[in-house]
Amino acid sequence: MIETVLGPIAADQLGPTSMHEHLLADVRGLHAPPREPPPTDPRVRIESLGFLRFNQLGLADNLVLDDPDLAIAELAHAAAAGQRALVDLTVWGFGGPAPELPRIARESGLQIVAGVGAYLGRLRPDWLRALDVDQLTTLLRDALLDRLPGCEHRAGIVGTIATGHPRSAEDDRILAAAGAAAASTGVAVVARVDPRFHDGPAILERLAAEGVPADRVVLSNVDGYVADRDHLRELAASGAVLKWSFGYEAPPRVGMTSATDAERIDALCQLLEEGARQVLACGAWTKTALRRFGGPGYDHLLLRVVPALRDRGVPEDQLDALLVGEPRRLLDRQDPIST
Numbered sequence: 144m145i146e147t148v149l150g151p152i153a154a155d156q157l158g159p160t161s162m163h164e165h166l167l168a169d170v171r172g173l174h175a176p177p178r179e180p181p182p183t184d185p186r187v188r189i190e191s192l193g194f195l196r197f198n199q200l201g202l203a204d205n206l207v208l209d210d211p212d213l214a215i216a217e218l219a220h221a222a223a224a225g226q227r228a229l230v231d232l233t234v235w236g237f238g239g240p241a242p243e244l245p246r247i248a249r250e251s252g253l254q255i256v257a258g259v260g261a262y263l264g265r266l267r268p269d270w271l272r273a274l275d276v277d278q279l280t281t282l283l284r285d286a287l288l289d290r291l292p293g294c295e296h297r298a299g300i301v302g303t304i305a306t307g308h309p310r311s312a313e314d315d316r317i318l319a320a321a322g323a324a325a326a327s328t329g330v331a332v333v334a335r336v337d338p339r340f341h342d343g344p345a346i347l348e349r350l351a352a353e354g355v356p357a358d359r360v361v362l363s364n365v366d367g368y369v370a371d372r373d374h375l376r377e378l379a380a381s382g383a384v385l386k387w388s389f390g391y392e393a394p395p396r397v398g399m400t401s402a403t404d405a406e407r408i409d410a411l412c413q414l415l416e417e418g419a420r421q422v423l424a425c426g427a428w429t430k431t432a433l434r435r436f437g438g439p440g441y442d443h444l445l446l447r448v449v450p451a452l453r454d455r456g457v458p459e460d461q462l463d464a465l466l467v468g469e470p471r472r473l474l475d476r477q478d479p480i481s482t
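Per my numbering: the sequence shown = residues 144 to 482.
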């Protein structure tokens with residue numbers, strides 16, 4: 144059984160899926176002084192797209208997605224390209240639970256699974272940071288079994304869970320609670336790795352200590368390791384699922400590391416040949432990721448990435464595993480691993 148924002152569905156009803164998107168989000172906490180004079184208009188406009196290409200965090204307005212109607216319009220393109228489902232991983236620190244998701248699901252026709260969790264420490268709300276492990280575990284379990292706070296729907300997965308480096312005591316509480324809640328409800332976990340460090344094995348170890356096996360963990364941000372194939376192989380060998388997010392390619396001056404889609408595809412194809420578990424996404428989280436503002440859109444995955452994989456010779460059964468088989472396995476609730 145897969146828990147969507149419109150209620151449970153049988154696993155075999157899940158269609159081609161993006162495993163990481165943001166439909167409504169607010170990460171203005173990441174706003175940073177730009178490297179060049181900003182536009183006079185603080186809103187994202189066509190005239191500011193050149194600036195934002197090199198200063199993604201330089202306009203606070205770029206870091207807010209707050210229009211359900213725009214989300215529905217953008218998802219229409221994804222549906223037309225053949226996408227049938229997505230996982231919205233907008234957690235506390237990234238905007239939090241969105242009560243509008245059921246409406247977006249109904250009007251877009253896409254199956255939406257909501258995540259629950261906490262992003263990086265500096266972005267987390269104070270009330271969340273004050274909770275102990277037991278309180279955090281209860282918060283997450285209630286979201287998975289009853290409803291997300293302020294919403295009428297349940298979460299269907301834990302994540303994204305994002306921790307710093309080195310991990311703080313607060314990070315450890317979040318990670319422990321994520322593992323405990325996932326293990327006791329039978330859901331999978333999405334955990335962010337930091338491409339500046341090799342923190343994936345330690346994250347997997349901590350989740351395993353709470354009863355979550357590696358094959359129930361999705362590691363996000365792995366495209367930061369495209370130049371380190373040995374580490375990608377190490378992560379894949381653990382049994383964890385590697386998630387690739389396509390569409391964003393940072394120019395040299397942006398101050399953030401980013402792979403290109405071509406580099407992501409190269410690494411993904413090599414790991415496919417070696418039997419790695421992998422899933423796909425766009426991971427859109429800014430206005431400039433949307434078609435309305437000149438971005439690739441949520442349809443980038445089915446419209447451009449999948450054809451590129453076909454051009455590389457990836458057979459249909461492997462494409463089906465990336466888009467359908469592995470998402471079904473991950474999102475299908477299992478018997479609780481622990482109680």
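All C-beta atoms, glycine included, are put in the ideal place defined by N, C-alpha and C.
Keep in mind that this is a model prediction, so the values were computed, not measured.
Would you report the Cα separation of residue 285 and residue 383, rounded to the nearest angstrom?
One Cα belongs to residue 285, the other to residue 383, and the distance between them is close to 26 Å.
Ends of the alpha helix (DSSP H) at residue 408?
First-last of the alpha helix (DSSP H) with residue 408: 404 to 416.
Residue nearest to residue 245 in terms of C-alpha spacing, selected from 443, 214 and 267
Residue 214 holds the alpha-carbon nearest to the alpha-carbon of residue 245 among 443, 214 and 267.
Going straight from the alpha carbon of residue 375 to that of residue 278, what length do you get?
Per the coordinates, the alpha-carbon of residue 375 lies some 34 Å from the alpha-carbon of residue 278.
Quick one: any contact between the segment 434 to 453 and the segment 289 to 304, if contact means 3 or more CB pairs under 8 Å?
Segment contact: the segment 434 to 453 against the segment 289 to 304, fewer than three CB-CB distances shorter than 8 Å; contact not assigned.
Uninterrupted beta strand (DSSP E) stretches inside the segment 192 to 273 (no shorter than 3 residues):
Within the segment 192 to 273, the beta strand (DSSP E) runs of at least 3 residues that lie entirely inside it are, in chain order, 228 to 231 and 254 to 259.
Do residue 106 and residue 173 have their C-beta atoms closer together than 7 Å?
Outside the shown range of the chain, which is 144 to 482, sits residue 106, and nothing can be said about it.
Are the segment 329 to 348 and the segment 179 to 186 in contact at 8 Å, needing three or more beta carbon pairs?
No, they do not touch.
Between the Cα of residue 420 and the Cα atoms of 318, 153, 145 and 463, which residue gives the shortest distance?
For residue 420, the closest alpha carbon among the candidates 318, 153, 145 and 463 is that of 463.
Is DSSP giving residue 453 helix, strand or coil here?
In the three-state scheme derived from DSSP, where H, G and I count as helix and E and B as strand, residue 453 is classed as helix.
Could you tell me the distance, in whole angstroms, from the CA atom of residue 252 to the CA atom of residue 423?
Between residue 252 and residue 423, the C-alpha separation is close to 20 Å.
Helix or strand or just coil, what does DSSP make of residue 155?
It is helical.
Going by the CB atoms, is the gap between residue 318 and residue 349 shorter than 7 Å?
Here residue 349 is near residue 318, since their CB atoms are less than 7 Å apart.
Excluding the five sequence neighbours on either side, which residues of its own chain have a C-beta within less than 6 Å of the C-beta of residue 175, listed in chain order?
200.
What does the Cβ neighbour count give for residue 308, buried or exposed, with the cut at 16 atoms within 10 Å?
Burial check for residue 308: the Cβ neighbour count within 10 Å stays below 16, so the residue is exposed.
Which class does residue 134 belong to by DSSP, given the choice of helix, strand or coil?
Coverage of the chain is limited to positions 144 through 482, which leaves residue 134 absent and any answer about it impossible.
If you run the structure through DSSP and keep just helix, strand and coil, what is residue 385?
Of the three classes helix, strand and coil, the one that applies to residue 385 here is strand, per DSSP.
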